[in-house]
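Mapping the sequence shown onto the numbering used here, position 180 (from 1) lands on 789, and the numbers just tick up by one. As C-alpha cells, the structure follows; a few thoughts come after it.
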Amino acid sequence: MEKDAKQLIDKYVNGLCTPEEAAVVERWYYNTDEQVEIDENRIDEIGERIWKEIPLGNSPVKKYRLWPRLVAAAAILIVGGVYLIQQYGGFGTPSANVYVNDIAPGKNKAVLTLDNGRTIDLSDAKKGLVIDTRGLTYEDGSAVAQQNEQVAGLKQLNLSTPRGGTYQVVLPDGSKVWLNASSTLSFPASFEKAESRRVELVGEAYFEITKLNSLASKAHVPFVVVSKGQEVEVLGTHFDVNCYEDESTVRTTLLEGSVKVSSAAHKSALLKPNQQSVLSTSDLTVKEIDADEVASWKDGYFRFNDESLVSIMQKVSRWYDVNVIYTDDQLKTETYAALTTRFANVSKLLDKLEQIGSAKFKIEGRTITISKK
610 MEKDAKQLID
620 KYVNGLCTPE
630 EAAVVERWYY
640 NTDEQVEIDE
650 NRIDEIGERI
660 WKEIPLGNSP
670 VKKYRLWPRL
680 VAAAAILIVG
690 GVYLIQQYGG
700 FGTPSANVYV
710 NDIAPGKNKA
720 VLTLDNGRTI
730 DLSDAKKGLV
740 IDTRGLTYED
750 GSAVAQQNEQ
760 VAGLKQLNLS
770 TPRGGTYQVV
780 LPDGSKVWLN
790 ASSTLSFPAS
800 FEKAESRRVE
810 LVGEAYFEIT
820 KLNSLASKAH
830 VPFVVVSKGQ
840 EVEVLGTHFD
850 VNCYEDESTV
860 RTTLLEGSVK
870 VSSAAHKSAL
880 LKPNQQSVLS
890 TSDLTVKEID
900 ADEVASWKDG
910 YFRFNDESLV
920 SIMQKVSRWY
930 DVNVIYTDDQ
940 LKTETYAALT
950 TRFANVSKLL
960 DKLEQIGSAK
970 FKIEGRTITI
980 SKK
C-alpha cells in the first residue's frame, strides 16, 4: 500500500492522475490529522503542478489567495506505512474561528422509484446502479433487492437524490450518469425499440452518452435530455446539465462531442466543447467556459473561480443539507476563488472562505449564519 501511495504522489506531481485519483489525494488530506515534516522540494513540485493546472485569470489577488490552500491540499507523505500530512500555513490571516458544531459531507444516497410505485433505498456502500438485461444491480454485480427486479416488467424508473446525496447510474444503453444532490432523473427501463432515448432531469447531472443504432433501421438513436424549458439532443458526448427548480437559469455545459440545445421558445444552439448555453425566461445564450470547472463536482471537488458567495453557498446548502442565513446581503456578491474537496466536513470549507474574504460563518444545528467580520 505504501508503494502504491508513493506512486500516486508521483503521478500527481507529473500530472498523470485521473480526476478520481486526484480526488483521493484530497480525501487523504482532509481525513488525516497527523502532521510531520515534509521535504520542501516535494511541496514545491506539487505546488508547481497545481499552479499549472488551475486557470486563474489575470488577477494577482486571486492567485495570491488561491495558492496556499492548493499547496496544503497536496502535501502528502508516507511515513512508516501511515498516511501523514503537514498543512502548511498560507499567506492569508489564519481564521481564529472554532466551530463547536460541524456537519459531515454528503455521500452516496438515492431512492429508486419503480413504475409500480415501489421505492428502493439504494445502498450508500455501493458506487452506483446498473440497469441491463440482468435486472437492477449494483456496479459490482450484486442485486439491488433480495429478489432482483426484472427489467422486462418495468417501463419507467425514477432515480432521486436528496440534499446531501449523490449517485451514479448506468442506463440500459450503457450511458453513464452522475446525479448531483437534490436531483431526479426519470428514464425508460429499456431503449430497445425506442426511436429516441428520452430522459427527464430536475437538478444537476453529468452525462457520458454512448452511441446507439437502431436494430431495425441501423439509424442512430438520439439521446435527449428534457429539463426545465429546454431539450438537449446528443450524439455521443460528455456534458453537464444544471436545471434546479430554485434557480432562474438552465445551464448546459459541453466537455466533449457536440449537443444541440433547444428551448421551448423554439430557439436553439449547437455547442462545442468548453461552451455553455444559458437559458433564461427570455433568451438562450452561449458563452465560452472552463467545462472541467463546471463538472468538478462529479470528481469530488468544489472548484470556484470568481464565483459569488451566494452561488457557492447554494451548492454548499444542497451538498451538506443545510440552511443558509445572511445578516448582510452585500456579502452575497463577494467573489471567491478556491479548490477543495467535497468530502470534508463543512467547517473545512468555511474556514478557508473566512481566511480569504470578509465573511464569517457560524454553524448552529443544520443552519449556517453568515455575517460580516
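Every residue, glycine too, gets a C-beta built ideally from N, C-alpha and C.
**Message:** So, under 8 Å CB-CB, residue 871 and residue 839 are touching, yes? Tell me the CB distance rounded to an integer number of Å.
**Reply:** Their Cβ separation, rounded to whole angstroms, is 6 Å, which keeps residue 871 and residue 839 in contact under 8 Å.
**Item:** Runs of beta strand (DSSP E) wholly within the stretch 828 to 865 (minimum 3 residues, chain order)
**Value:** Those beta strand (DSSP E) runs which fall completely within the stretch 828 to 865 and span 3+ residues are 832 to 836, 839 to 843, 847 to 852 and 859 to 865.
**Request:** Reducing DSSP to helix, strand and coil, say where residue 802 ends up.
**Result:** Coil.
**Item:** Buried or exposed (CB count within 10 angstroms, at least 16 for buried), residue 897
**Value:** Under this definition residue 897 is an exposed residue.
**Enclosing alpha helix (DSSP H) for residue 766 [first to last residue]** = Judged by DSSP secondary structure, residue 766 falls outside any alpha helix (DSSP H) and instead within the beta strand (DSSP E) spanning 765 to 770.
**Prompt:** Taking the alpha helix (DSSP H) that residue 955 falls in, what are its first and last residues?
**Reply:** Boundaries of the alpha helix (DSSP H) around residue 955: 955 to 965.
**Asked** Helix, strand or coil for residue 708 per DSSP?
**Response** Note: residue 708 maps to coil in three-state DSSP.
**Asked** For residue 744, which beta-bridge partners are listed by DSSP?
**Response** Paired residue(s): 741.
**Message:** Rounding to the nearest angstrom, what Cα-Cα distance links residue 730 and residue 743 in this structure?
**Reply:** One Cα belongs to residue 730, the other to residue 743, and the distance between them is close to 19 Å.
**Prompt:** Where residue 834 and residue 796 are concerned, what is the direct C-alpha to C-alpha distance, given to the nearest angstrom?
**Reply:** Spanning the two alpha carbons is a distance of roughly 10 Å.
**Request:** Express the C-alpha separation of residue 721 and residue 656 in angstroms, rounding to a whole number.
**Result:** In this prediction, residue 656 has a pLDDT of 49, which is less than 50 and means its spatial position is unreliable; nothing more can be read from the coordinates.
**Item:** residue 969 - containing beta strand (DSSP E), residue span
**Value:** Membership of residue 969 in the beta strand (DSSP E) is indicated by the continuous run 968 to 973.
**Request:** Quick one: grab the DSSP three-state call for residue 716.
**Result:** In the structure shown, residue 716 sits in a strand (DSSP, three-state: E or B).
**Item:** Whole-number beta carbon distance between residue 716 and residue 777, since they are thought to touch under 8 Å
**Value:** About 13 Å separates the two Cβ atoms, so there is no contact after all.
**Item:** residue 765 versus residue 965: straight-line alpha-carbon distance, rounded
**Value:** If you take the alpha carbons of residue 765 and residue 965, they lie about 47 Å apart.
**Prompt:** By a C-beta neighbour count over all protein chains shown, 10 Å radius and 16 as the cutoff for buried, is residue 844 buried or exposed?
**Reply:** Exposed, because fewer than 16 other Cβ atoms sit within 10 Å of the Cβ of residue 844.
**Message:** To the nearest angstrom, how far is the alpha carbon of residue 864 from that of residue 890?
**Reply:** The straight-line gap from Cα to Cα measures roughly 25 Å.
**Prompt:** DSSP state of residue 943, grouped into three classes?
**Reply:** Of the three classes helix, strand and coil, the one that applies to residue 943 here is coil, per DSSP.
**Request:** Could you tell me which of 954, 861 and 888 sits nearest to residue 847, measuring between CA atoms?
**Result:** Ranking the options by Cα distance to residue 847, first place goes to 861.
**Prompt:** Which same chain residues, not among the five before or five after residue 873, have their C-beta less than 6 Å away from its C-beta?
**Reply:** Residues 838 of the same chain have their beta carbon placed closer than 6 Å to that of residue 873, with the five preceding and five following residues left out of the count.
**Prompt:** Between the stretch 875 to 888 and the stretch 912 to 922, are three or more C-beta pairs nearer than 8 Å?
**Reply:** Not touching, per the Cβ criterion.
**Prompt:** Is it right to say residue 972 is buried, meaning 16 or more other beta carbons lie within 10 angstroms of its own, or is it exposed?
**Reply:** Buried, by the Cβ-count rule.
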